[in-house]
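Asks: Got a structure for you, written out below as C-alpha coordinates; questions coming shortly.
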Amino acid sequence: EQEAALNNVHAVPFFIVGRYGIPGALSVEDMKKVIEKALEQASQRQTAKGMTCGPDSCALG
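Those letters in the sequence shown? Residues 1225 to 1285, by this note's numbering.
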(Lines of atoms letter the chains of each structure in order from A and count residues from 1; the text may use other names and numbers.)
(Lines give C-alpha, C1' and ligand atoms only; values in the text may rest on other atoms or scores of the structure.)
Protein backbone atom coordinates (compact mmCIF):
# COMPACT_ATOMS: atom_id res chain seq x y z
CA GLU A 1 0.00 0.00 0.00
CA GLN A 2 2.84 2.39 0.76
CA GLU A 3 4.48 1.74 -2.61
CA ALA A 4 1.15 2.26 -4.36
CA ALA A 5 0.65 5.56 -2.55
CA LEU A 6 4.17 6.72 -3.48
CA ASN A 7 3.40 6.00 -7.16
CA ASN A 8 -0.08 7.61 -7.06
CA VAL A 9 -1.79 4.29 -7.72
CA HIS A 10 -5.47 4.56 -6.88
CA ALA A 11 -6.93 1.63 -8.81
CA VAL A 12 -5.98 -1.65 -10.45
CA PRO A 13 -4.79 -2.68 -12.89
CA PHE A 14 -1.96 -0.13 -12.95
CA PHE A 15 1.26 -0.41 -14.93
CA ILE A 16 4.54 1.46 -14.61
CA VAL A 17 6.46 1.64 -17.88
CA GLY A 18 9.68 3.63 -17.69
CA ARG A 19 8.68 6.91 -16.09
CA TYR A 20 4.99 6.58 -16.94
CA GLY A 21 2.18 5.36 -14.71
CA ILE A 22 -0.58 3.79 -16.78
CA PRO A 23 -4.05 3.05 -15.42
CA GLY A 24 -5.51 -0.14 -16.87
CA ALA A 25 -8.47 1.78 -18.30
CA LEU A 26 -6.48 2.78 -21.41
CA SER A 27 -7.30 1.38 -24.80
CA VAL A 28 -4.86 -1.07 -26.36
CA GLU A 29 -3.80 1.61 -28.87
CA ASP A 30 -3.11 4.18 -26.12
CA MET A 31 -1.20 1.59 -24.07
CA LYS A 32 0.90 0.78 -27.14
CA LYS A 33 1.71 4.50 -27.65
CA VAL A 34 2.87 4.90 -24.05
CA ILE A 35 5.06 1.79 -24.23
CA GLU A 36 6.60 2.92 -27.54
CA LYS A 37 7.34 6.38 -26.10
CA ALA A 38 8.96 4.87 -22.99
CA LEU A 39 11.11 2.58 -25.16
CA GLU A 40 12.15 5.51 -27.35
CA GLN A 41 13.17 7.57 -24.32
CA ALA A 42 15.09 4.64 -22.81
CA SER A 43 16.93 4.18 -26.10
CA GLN A 44 17.86 7.87 -26.21
CA ARG A 45 19.20 7.75 -22.64
CA GLN A 46 21.36 4.72 -23.43
CA THR A 47 22.71 6.34 -26.58
CA ALA A 48 23.59 9.56 -24.74
CA LYS A 49 25.69 7.65 -22.21
CA GLY A 50 27.68 5.67 -24.74
CA MET A 51 31.01 6.28 -26.41
CA THR A 52 31.13 8.63 -29.37
CA CYS A 53 34.04 8.61 -31.80
CA GLY A 54 35.03 11.27 -34.28
CA PRO A 55 37.83 11.41 -36.83
CA ASP A 56 40.47 12.31 -34.22
CA SER A 57 39.33 10.85 -30.89
CA CYS A 58 36.64 9.13 -28.83
CA ALA A 59 34.74 10.43 -25.81
CA LEU A 60 32.24 9.08 -23.29
CA GLY A 61 28.86 10.81 -23.50
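A virtual CB, placed ideally from N, CA and C, is assigned to each residue, including glycine.
Going by the DSSP bridge assignment, what does Leu1284 pair with across the sheet?
Replies: Met1275
Asks: In three-state terms, what does DSSP make of Val1252?
Replies: helix
Asks: Which residues in the same chain have their Cβ closer than 8 Å to the Cβ of Gly1245, if we skip the five residues on either side of it in sequence?
Replies: Asn1231, Asn1232, Val1233, Phe1238, Phe1239
Asks: Does DSSP put Val1241 in a helix, in a strand, or in coil?
Replies: strand
Asks: Quick check on the DSSP output: the alpha helix (DSSP H) that includes Ala1229 runs from which residue to which?
Replies: Segment 1226–1230, the alpha helix (DSSP H) holding Ala1229.
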